[in-house]
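Its first residue numbered 32, the sequence shown is counted upward by one per residue in the working numbering.
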Amino acid sequence: MYDQGAPVADTRAPDVPLENRWEERRFSARLVNPANRRKLSVIVVGTGLAGASAAATLGELGYQVTSFCYQDSPRRAHSIAAQGGINAAKNYAGDGDSVHRLFYDTVKGGDFRARESNVYRLAELSVRIIDQAVAQGVPLAREYGGLLDTRSFGGAQVSRTFYARGQTGQQLLLGAYQALARQIHAGRVRMHPRTEMLDLVVAGGRARGVVVRDLLTGEVSTHLADAVVLATGGYGNVFHLSTNAKGCNTTAIWRAHRRGALFANPCFTQIHPTCIPVSGDHQSKLTLMSESLRNDGRVWVPVRAHDSRAPQEIPEDERDFFLERLYPSFGNLVPRDIASRAVKAVCDAGRGVGPTGLGVYLDFADALERLGRDGVEAKYGNLFTMYERITGEDPYRVPMRIFPAVHYTMGGLWVDYDLRSTIPGLFVIGEANFSDHGANRLGASALMQGLADGYFVLPTTIGDYLADGPFETVGQDVVAEAESGVRARVSRLLAVQGDRTAEDFHRELGRLLWDHCGMARTEESLRKALEQIPLLRNEFWQRIRVPGQGAELNQALEKAGRVADFLELAELMCIDALHRTESCGGHFREECQTADGDALRDDERFSYVAAWEYTGGRPVLHREQLNFDRVTPSQRSYK
């Protein structure tokens, strides 16, 4: 099923005390003087928070930047959908927060499967992100006295989450976009919208460019640079139904993986507990209701199984506020993986609500009584409006119904402390890399990582690499080989002319993954998935139907290419999940649980990052051992 490879290690983090590592690395990193920066070029793929902030900052530094996104505008990147907030250890609430506490909460929340060096740096930089956003004019919420307001999120007992109602991602992205637009206007960033990366150009052992397809004309072309940065987000859409935008995919990082970049922890995907439940087979995606709602909403189900009464008809003493009962210290604000498993458990016991029984109530009755409708509306109004438009139910009058769904991916391309992948010259930032969240991401930390990587980390570390540039000219034979591979793949997809659509294959793959490698998995279920996925992939290449041509706007062709990559990634996800015989984060092996039904880690055997090498056949597993100097891994408890 897989072969063992040599260990892999992060050699870039300085061997100094944890709190001094980033400053030491900044000082030791080589610099590129301003005149030489103008001679160096960088490609940035993706324009979400990580990509937009990186391109804008690199342009500001004087590098020649080329930026790509498949959307019609950088502003339509999926970061815009983030709702609840962004974490930062400012301690404005005066409730005991600190850089160390944010670091500890993140490592613990990730079930001790993250690298200490990266997580501490993330917590350290969080305070600068808020200053950057405010300087850009991002309208973060303020309390009565004019100070920035904060609220709580899962996995923390302090109020550290800064927010802009339920539109935090949108406002932060607009801040990064205006910085990017400034550089576009100045001529230091060339923007290519409606352009999809389909391969990575590797010459002389270095990443030197990308092969892209113009999504309007179908033209395939190559763009070269001295370094390439991937900021293309996560791969949660491998499950078909997820909270991600429909266009989110794995193609960029998967093609880089095929070129030699190790893929780390692919089975580490996040299940978010606060999503609108599935309503039928017609759905192509799911809708997230922000975790911030758990600040004031109370989660409950009827005490009695299969209770079909309307929620208003169920007395208080016949309601089970199960998160508050099971986890009294954190209550409704337990981490996402803990809440999701608890929701699944009560639904499996027949106490779920709604037409399918796959849902629980998120009730704002107490908050409405305490804060009044105006108070609730000021904090969550746009979220309540969105819920009503989708479900036809008014959450001011009846409780919301929620159920877990795939949201974020903690796995991604392996990177070291400098955000370098295993291909020299290829840097990976934001959700596209694996580095900061372990087996479970705390809510409101995705925006934090994307902006920390783009504004502060990458602009420092990429200079150390580019100090050796400019690099030698890339030969036309290398370019021709990369382009011919992309054109051949496009032609192959168009040539099958079968009888099934890419959406049909995607739906079948997603259901298979959710059933066998979702919230709960067993050795039996994973082996079953590993039998079925190759069969489905073979059927795809025999029966896929892609209408139209390649030299035109063809969204069916785009979709087919992305699903082909999902079919390969899905197999690696299941291999990764099967080899890790432990439960950690949201990855619950039913064979590995405590007497109370909690996740049971195996630190002695699995305290490592699983970094997989692509071979075209059996993947090769390289382990990066995780060493904890500042925290001691322990059985997580939020009770």
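The beta-carbon is built from N, C-alpha and C at its ideal position, and this holds for glycine as well.
Keep in mind it's a predicted model, so treat the numbers as computed, not measured.
Local Cβ density within 10 Å of residue i, reported as buried at 16 or more and exposed below that
| i | result |
| --- | --- |
| asparagine 363 | buried |
| proline 650 | buried |
| tyrosine 175 | exposed |
| tryptophan 572 | exposed |
| serine 315 | exposed |
| glutamine 343 | exposed |
| valine 47 | exposed |
| proline 333 | buried |
| lysine 670 | exposed |
| proline 501 | exposed |
| glutamate 655 | buried |
| serine 339 | exposed |
| glutamate 503 | exposed |
| threonine 453 | buried |
For residue j and residue i, the rounded distance between their alpha carbons
| i | j | result |
| --- | --- | --- |
| aspartate 530 | leucine 566 | 17 Å |
| aspartate 312 | histidine 438 | 19 Å |
| arginine 173 | glutamine 202 | 14 Å |
| glycine 235 | glycine 291 | 13 Å |
| leucine 603 | phenylalanine 294 | 9 Å |
| glutamate 419 | proline 426 | 7 Å |
| glutamine 209 | isoleucine 215 | 10 Å |
| valine 130 | leucine 246 | 44 Å |
| alanine 124 | valine 158 | 14 Å |
| valine 662 | valine 384 | 40 Å |
| arginine 61 | valine 459 | 20 Å |
| glycine 328 | aspartate 348 | 18 Å |
| proline 578 | glutamine 102 | 22 Å |
| glutamate 114 | glutamine 198 | The question names glutamate, but residue 114 is glutamine in the sequence shown. Roughly 5 Å between the two C-alpha positions. |
| aspartate 499 | tyrosine 94 | 14 Å |
| proline 224 | proline 105 | 7 Å |
| arginine 69 | alanine 258 | 14 Å |
| alanine 238 | leucine 255 | 9 Å |
Member of the options whose CA lies at the smallest distance from the CA of residue i
| i | options | result |
| --- | --- | --- |
| isoleucine 74 | Val260, Leu600, Gly168, Arg432 | Val260 |
| glycine 689 | Val594, Glu613, Arg518, Tyr639 | With the chain covering only 32 through 670, there is no way to say anything about residue 689. |
| phenylalanine 465 | Tyr427, His216, Ile284 | Ile284 |
| glutamate 147 | Gly93, Arg196, Asn51 | Asn51 |
| tyrosine 392 | Arg428, Ala164, Glu400 | Arg428 |
| arginine 432 | Tyr94, Met441, Ile421, Thr263 | Ile421 |
| glycine 141 | Gly186, Met222, Glu613 | Gly186 |
| serine 476 | Val96, Ile161, Thr387 | Ile161 |
| proline 346 | Arg335, Arg356, Phe434, Leu354 | Arg335 |
| threonine 612 | Val510, Tyr639, Trp445 | Tyr639 |
| serine 614 | Arg144, Thr646, Met320 | Arg144 |
| arginine 632 | Asn122, Ser668, Asp379 | Ser668 |
| leucine 525 | Glu555, Leu561, Gly648, Gln586 | Gln586 |
| arginine 520 | Leu457, Asp397, His547, Leu588 | Leu588 |
| alanine 376 | Gly506, Met550, Tyr266 | Met550 |
| serine 515 | Cys623, Val243, Ala238, Asn280 | Val243 |
| valine 189 | Asn296, Asp180, Ser72 | Asp180 |
Which residues DSSP lists as bridging residue i, in chain order
| i | result |
| --- | --- |
| alanine 641 | Arg654 |
| arginine 237 | Ala234 |
| valine 220 | Val96 |
| alanine 551 | Phe619 |
| asparagine 118 | Thr192 |
| serine 252 | Val243 |
| leucine 302 | Sequence inspection shows isoleucine at residue 302; the leucine mentioned does not correspond to that position. In the DSSP output, where bridge partners are listed per residue, isoleucine 302 has Val437. |
| glutamate 227 | Arg244 |
| alanine 464 | Correcting the residue type first, residue 464 is asparagine in the shown sequence and not alanine. Paired residues: Leu444. |
| leucine 393 | Val330, Met431 |
| valine 459 | Leu261 |
| threonine 181 | Phe193 |
Continuous beta strand (DSSP E) stretch holding residue i: start and end
| i | result |
| --- | --- |
| methionine 604 | Taken as a continuous stretch (DSSP letters only), methionine 604 belongs to no beta strand (DSSP E), being part of the alpha helix (DSSP H) at 586-610. |
| leucine 261 | 258-261 |
| tryptophan 331 | 329-333 |
| tyrosine 194 | Note, tyrosine 194: premise wrong, no beta strand (DSSP E); not H, not E. |
| leucine 317 | Neither: leucine 317 is in no beta strand (DSSP E) and is coded neither H nor E. |
Range covered by the alpha helix (DSSP H) that runs through residue i
| i | result |
| --- | --- |
| isoleucine 454 | No alpha helix (DSSP H) contains isoleucine 454, which DSSP labels as neither H nor E. |
| serine 72 | Here serine 72 belongs to no alpha helix (DSSP H); instead the beta strand (DSSP E) covers 72-76. |
| valine 378 | The identity of residue 378 in the sequence shown is cysteine, whereas the question assumes valine. Where cysteine 378 is concerned, the enclosing alpha helix (DSSP H) stretches over 367-379. |
| valine 521 | 507-527 |
| tyrosine 358 | Run containing tyrosine 358: none; DSSP gives neither H nor E here. |
| tyrosine 151 | 147-166 |
| isoleucine 345 | Where isoleucine 345 is concerned, there is no enclosing alpha helix (DSSP H), given that its DSSP letter is neither H nor E. |
| tyrosine 135 | 130-140 |
| leucine 496 | The amino acid at residue 496 is misidentified as leucine; the sequence shows tyrosine. It spans 489-497 - the alpha helix (DSSP H) in which tyrosine 496 sits, taken as one unbroken run. |
Near the ligand FMN: residue i beta-carbon under 8 Å from a heavy atom
| i | result |
| --- | --- |
| isoleucine 433 | Of ligands this structure carries none, so the ligand FMN is not represented either. |
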